Amino acid sequence: ETTVSVLNPEKSGVYLIQSWVDGGQKSDRSPFIVTPPLFRINPGEENILRIVRTGGFLPENRESVFWLNVKSIPAMDSRAPDENRLQLVVKSRLKLFYRPSGLKGDPETAYRKLQIARHGSTLVMRNPTPYFVTLFSLKVNGHEVRDADLVPPEGQVSYRLASPPAGTVTWQAINDYGGISQ
Numbered sequence: 001e002t003t004v005s006v007l008n009p010e011k012s013g014v015y016l017i018q019s020w021v022d023g024g025q026k027s028d029r030s031p032f033i034v035t036p037p038l039f040r041i042n043p044g045e046e047n048i049l050r051i052v053r054t055g056g057f058l059p060e061n062r063e064s065v066f067w068l069n070v071k072s073i074p075a076m077d078s079r080a081p082d083e084n085r086l087q088l089v090v091k092s093r094l095k096l097f098y099r100p101s102g103l104k105g106d107p108e109t110a111y112r113k114l115q116i117a118r119h120g121s122t123l124v125m126r127n128p129t130p131y132f133v134t135l136f137s138l139k140v141n142g143h144e145v146r147d148a149d150l151v152p153p154e155g156q157v158s159y160r161l162a163s164p165p166a167g168t169v170t171w172q173a174i175n176d177y178g179g180i181s182q
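Residue numbers for the sequence shown, in the UniProt record's numbering: 1 to 182.
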């Protein structure tokens with residue numbers, strides 16, 4: 001179980017907050033629930049979301065990733081129902097990692113263990129650790145590789161490049177606290 005704080009820092013403006021956890025695909029079911037899944041938050045208020053595991057099988061030898069979704073829906077201004085207005089619903093989608101106890105190695109140094117291979121115009125990044133590595137940047141000869149994101153535990157990702165990868169490959173990762181590696 002873990003908690004996440006939701007704060008409405010505005011001086012006016014009421015929101016309906018809807019939250020849930022999914023596995024990344026619309027049809028995925030998650031072994032986690034969020035309570036409360038729906039609530040009203042007034043100006044200046046704070047509420048706590050509890051994320052609770054409900055069971056289900058998860059691997060015990062590596063991390064699993066899910067997504068915490070928090071949608072804030074603004075209330076309609078009842079004082080001016082006939083006026084034109086633009087209202088935005090904001091949905092935040094945060095990575096939620098399940099880390100079983102007893103995993104070998106250090107998650108803070110997992111990014112250093114990534115292995116690079118080159119096959120034609122494809123760059124392959126392999127992760128031999130039981131931890132996800134979230135990439136902040138990936139560069140080949142100083143050129144940014146787009147769509148570099150997660151490297152799964154004990155898995156690999158491939159990136160198609162415009163030209164065969166040659167020269168220097170550098171990357172930075174995001175740690176558990178949101179910091180960026182050197």
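Even glycine gets a Cβ: it sits at the ideal position worked out from N, Cα and C. Quick caveat: nothing in here was measured; it's all calculated off a predicted structure.
- Message: Taking 7 Å as the limit between beta carbons, can you name the residues of its chain near Thr168, skipping five residues before and five after?
- Response: Taking the sequence shown and counting its residues from 1, one reaches residue 168 at position 168. Cβ within range, chain order: Asn141.
- Query: Counting pairs of beta carbons, one from the segment 50-66 and one from the segment 100-112, are three or more of them closer than 8 Å?
  - Reply: Output reads yes: the segment 100-112 touches the segment 50-66.
- Task: Have a look at Arg53 and Ala162 and give me their C-alpha separation to the nearest angstrom.
- Result: Stepping through the sequence shown from its first residue, residue 53 is reached at position 53. Stepping through the sequence shown from its first residue, residue 162 is reached at position 162. Arg53 and Ala162 have their alpha carbons spaced roughly 43 Å apart.
- Task: Identify which residue in Glu46, Ser19, Asp22 and Val34 has its Cα closest to the Cα of Leu7.
- Result: If you number the sequence shown from 1, residue 7 lands on position 7. Measuring from the Cα of Leu7, the nearest candidate turns out to be Glu46.
- Query: What residues in its chain sit with their C-beta under 8 Å from that of residue 184, if we drop five residues either side in the sequence?
  - Reply: The structure shown does not extend to residue 184, since the chain is modelled only from 1 to 182, so the question has no answer here.
- Task: Tell me whether Ala173 is buried or exposed, calling it buried when 16 or more other Cβ atoms sit within 10 Å of its Cβ.
- Result: Walking along the sequence shown from the start, residue 173 turns up at place 173. By the C-beta density criterion, Ala173 is buried, having at least 16 other C-beta atoms within 10 angstroms.
- Applying the criterion that 16 or more other CB atoms from any shown protein chain within 10 Å of the CB defines a buried residue, is Phe57 buried or exposed? Here residue 57 refers to the residue found at position 57 of the sequence shown. By the neighbour-count criterion, in which 16 or more other beta carbons inside 10 Å mark a residue as buried, Phe57 falls on the exposed side.
- Query: Using a Cβ-Cβ cut-off of 8 Å (strictly less than) and excluding sequence neighbours within five positions of Glu108, which residues of its own chain qualify?
  - Reply: Taking the sequence shown and counting its residues from 1, the one referred to as residue 108 is at position 108. Within the same chain, Glu108 has close Cβ partners Asn175 and Asp176.
- Please work out which residues of its chain come closer than 6 Å, Cβ to Cβ, to Ser158, disregarding the five sequence neighbours upstream and downstream, and give them in chain order. If you number the sequence shown from 1, residue 158 lands on position 158. Result list for Ser158: Thr122 and Val124, in chain order.
- Message: Three or more C-beta pairs under 8 Å: does that hold for the segment 137-152 against the segment 71-88?
- Response: With a cut-off of 8 Å, the segment 71-88 and the segment 137-152 do not count as touching, because too few Cβ pairs lie within range.
- Gly68: first and last residue of the uninterrupted beta strand (DSSP E) it sits in: As a position in the sequence shown, residue 68 is number 68, starting the count at 1. Residue identity check: residue 68 is Leu in the sequence provided, not Gly. In this chain, the beta strand (DSSP E) harbouring Leu68 covers Ser64 to Pro74.
- Item | Contacting residues, own chain, Cβ-Cβ under 7 Å from Leu49 (five flanking each side not counted) | As a working mapping, residue 49 is identified with position 49 in the sequence shown. Short of 7 Å from the beta carbon of Leu49, and not among the five residues preceding or following it, lie these beta carbons of its own chain, in chain order: Thr3, Val4, Val6, Ser19 and Val34.
- At what residue ranges does the UniProt domain "Pili assembly chaperone N-terminal" (1-104) contain a whole run of the beta strand (DSSP E), taking only runs of 3 or more? The DSSP assignment places complete beta strand (DSSP E) segments of no fewer than 3 residues inside the UniProt domain "Pili assembly chaperone N-terminal" (1-104) at 2-7, 15-22, 32-35, 38-41, 46-53, 64-74 and 90-98, in order along the chain.
- Task: Reducing DSSP to helix, strand and coil, say where Arg146 ends up.
- Result: For this step, residue 146 is matched to residue 146 along the sequence shown. Arg146: coil per DSSP, three-state reduction.
- Per DSSP, Arg112 forms a beta bridge with which residues? By one-based count along the sequence shown, residue 112 stands at place 112. DSSP, once it has assigned bridges, lists no residue as partnering Arg112.
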